[in-house]
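Let me begin by presenting the structure, written as C-alpha cells, before commenting on it.
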Amino acid sequence: MMLRSCPREAEVKALVVRGQWPQACAPELRAHVGSCRACSEVAVVTDAFQRARNQTLPAARPGSPGLLWWRAQLRRRNAAIERISRPIFGAQVFGLAVNLVLAAAVAAWQARHGLAWLTWLEQLPQNIGSNWFNSLLPADLFSSGSLLGPTALIAALSGAALIGCVVVYFVSEKQ
Amino acid sequence: MPKRRISRMFWESSIPNVVAGGASLEASSAATSSMDDEAFAAFYERSARSLWAYLARTSGDPALAEDIMQESYVRFLCLASPPSYLDEGEIACRRYLFRIATNLLRDHWRRPRAAFIEDLPESLFACPGEQAPFDSQMILGPALKSMRPRERQLLWLAHAEGYSHREIAEITGLASASIRLLLFRARRKIARLLQSLEDGRGA
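Protein chains in written order, with this note's numbering: chain A, 1 to 175; chain B, 1001 to 1203.
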C-alpha cells in the first residue's frame, strides 16, 4: 500500500472538527477534496468519528470524583502499610529460620550423645502409682554427668516455644 | 488492650501519616501536591466523558468502559511520578490518563475470554430519549466492528479526540513512524467500509 498523504489533510480535518465542513469552507478546498483521495478519506472518517463522539459523550454517566479520590487514598495507604510491613515479615522469616536451625541443632546434638535420659519415659507407668510427681522427672535427672542433656533440651524447647510465640504474636498483629 | 494501643501509637508516630494517608509516600505525594481533591474533581468533570466515550467505542462494552475509566483515574492518582497538573497542564494529564486507560484495555484484551465484547448491540450507546438513529450509529458502528481493536483505538484518538501522531504514540506506546503507517491503513480501510455501507443504504 502506497503511503501518500496530502499537505492539506490537517486543514480539512480542522474544518471538520470545527463543524465548518463542507458549507463554510472555500470552494477551492471543496474542489480539492473532491479530487484528492487522502483528503476525502480524512473528511469522511473525521466527520463520522466526530458525530459518533458527540453522540457518545451524553451517554457517559461518570460517577462521583470523591469516591475515586477516596479509593486512591485507600490504595496509597495500603501500599504504604505493605511497604513498612515488609521488614517485619523479613524478621518473622528470620525468626522462623533461627528456630528451625536451633531445633535441628538440638536434635543432632541429642542424637550424637544418645537418648539415655529418655529411660524415665519407660519407667513412667510403673512409677505413676507410687510417686506421681517424681515420675514426671527423669530417673537420673539429679545424678551427676547426665544433668546437662535434659536441661539443655528443656531450655532449647523453652527457647523455641518462646520464639514461636513471638512469631505468632507478630503474625496476628499484622493480621 | 491498652498495651496494644500504646504499641500502635509508637508505630504511627515513628512513621508519620501512614495510616492517615496524608503525606503517605514520597512517591505519591507529588500527585497530591500537584492536584488536590477540588482540582481533581474539576479535571474529572472535564475529562471523564471523553475517556468513557473512547473506551466504550473502542471496547464495544459500556460497562467495561466504566470499570476501566474508574481504574484509570485511581491509578492516575496513585502514580509514582505523575505529570504535574500545575507545570505541564491539563492536556498532559489527560494524555497520561488516556495512556493508562489504553494499557488497561490492552491488558483486558490479552486476557483469555470465552466471548468477545464486540457482540454487544450498538443500541447500548443510544442516548436516553433519542428517537431516530443517527447516521454515525447506522454506519460507523458496523464499520468499527470490522476493525481490529488497535485500529479502532488509533482512529478514535486521531479523528475523534484529535490527537497528533506524536501524542498517539505517547498514549499507545508505539513508535511515531508506525502510527503514521498504521493510521493510514486503518483510515483507508474504514473509509472504504463507510463508503460501502453508505452505498448499501442508498441502494
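For each residue, glycine too, the CB sits at the ideal point set by N, CA and C.
Rounded to whole angstroms, what's the CA-CA distance from residue i to residue j? Just pull it up for me.
i: G1129(B); j: P58(A); result: Below a pLDDT of 50, predicted positions are generally treated as unreliable, and G1129(B), at 45, falls in that range; the measurement from the model is reported next regardless. Approximately 11 Å between the Cα atoms of the pair.
i: A103(A); j: R112(A); result: 14 Å
i: P22(A); j: R37(A); result: 16 Å
i: N54(A); j: Q20(A); result: 15 Å
i: A1160(B); j: Q50(A); result: 5 Å
i: Y1096(B); j: K13(A); result: 24 Å
i: R1148(B); j: I1068(B); result: 19 Å
i: P27(A); j: C6(A); result: 18 Å
i: R86(A); j: V93(A); result: 11 Å
i: S35(A); j: R1188(B); result: 16 Å
i: C39(A); j: Q73(A); result: 48 Å
i: V167(A); j: R76(A); result: 27 Å
i: S1146(B); j: W1052(B); result: 21 Å
i: S8(A); j: H32(A); result: It should be noted that the sequence gives Arg, not Ser, for residue 8(A). If I take the Cα positions, the gap works out to 9 Å.
i: T1058(B); j: W1109(B); result: 11 Å
i: V106(A); j: I88(A); result: 27 Å
i: S1084(B); j: D1036(B); result: 12 Å
i: Y1163(B); j: I84(A); result: 41 Å
i: V152(A); j: D1107(B); result: A quick correction: the sequence has Ala, not Val, at residue 152(A). If I take the Cα positions, the gap works out to 58 Å.
i: T1195(B); j: A1101(B); result: According to the sequence displayed, residue 1195(B) carries Gln and not Thr. Each residue's Cα considered, the two are about 31 Å apart.
i: L1079(B); j: R30(A); result: 47 Å
Hey, is residue i's beta-carbon within less than 9 Å of any beta-carbon in chain A?
i: E1066(B); result: yes
i: S1176(B); result: no
i: G1173(B); result: no
i: S1050(B); result: yes
i: P1062(B); result: yes
i: R1187(B); result: yes
i: H1108(B); result: no
i: S1028(B); result: Residue confidence for S1028(B) is low, a pLDDT of 45 falling below 50, so the modelled location carries little weight and cannot support an answer.
i: A1056(B); result: yes
i: E1045(B); result: yes
i: Q1153(B); result: no
i: S1024(B); result: Only weak support is given to the placement of S1024(B): the predicted model assigns it a pLDDT of 40, under 50, and the value that follows is read from those uncertain coordinates. By this cut-off, S1024(B) is an interface position.
i: L1194(B); result: yes
i: E1090(B); result: no
i: G1200(B); result: no
i: L1104(B); result: no
i: C1127(B); result: In this predicted model, C1127(B) has a pLDDT of only 47, less than 50, meaning its place in the structure is not dependable; the value taken from the coordinates is given anyway. Cβ-Cβ to chain A under 9 Å: yes for C1127(B).
i: C1078(B); result: yes
i: M1147(B); result: no
i: A1041(B); result: yes
Between residue i and chain B, is there a C-beta pair that is closer than 9 Å?
i: G90(A); result: no
i: S158(A); result: no
i: P22(A); result: no
i: P87(A); result: no
i: S5(A); result: yes
i: L15(A); result: no
i: P65(A); result: yes
i: F170(A); result: no
i: V45(A); result: yes
i: W69(A); result: yes
i: R8(A); result: no
i: L57(A); result: yes
i: E41(A); result: yes
i: R30(A); result: no
i: P27(A); result: no
i: R51(A); result: yes
i: R75(A); result: yes
i: E11(A); result: no
i: R61(A); result: yes
i: A79(A); result: yes
i: A72(A); result: yes
i: A155(A); result: no
Are the CB atoms of residue j and residue i within a distance shorter than 9 Å?
i: A1169(B); j: S1176(B); result: yes
i: L1193(B); j: L1182(B); result: no
i: R1094(B); j: F1043(B); result: yes
i: F170(A); j: G90(A); result: no
i: A24(A); j: A1056(B); result: no
i: I154(A); j: V98(A); result: no
i: R1075(B); j: L1105(B); result: no
i: R992(B); j: H1165(B); result: Given that chain B is displayed from residue 1001 to residue 1203, the structure contains no residue 992(B) and the question cannot be resolved.
i: I1091(B); j: A48(A); result: no
i: I1144(B); j: G1060(B); result: Sequence inspection shows Leu at residue 1144(B); the Ile mentioned does not correspond to that position. Taking 9 Å as the Cβ cut-off, L1144(B) and G1060(B) qualify as a contacting pair.
i: Y1073(B); j: Q1153(B); result: no
i: R18(A); j: Q1070(B); result: no
i: F1040(B); j: L3(A); result: no
i: E1167(B); j: L1157(B); result: yes
i: W109(A); j: L1077(B); result: no
i: L1140(B); j: A52(A); result: yes
The region 79 to 98 of chain A / the region 155 to 162 of chain A touching (three or more Cβ pairs under 8 Å): no
Validate contact between the region 1038 to 1049 of chain B and the region 32 to 49 of chain A using beta carbons, cut 8 Å, 3 pairs: no
Stretch-stretch touch, CB-based, cutoff 8 Å, three pairs: the region 1053 to 1064 of chain B with the region 65 to 72 of chain A: no
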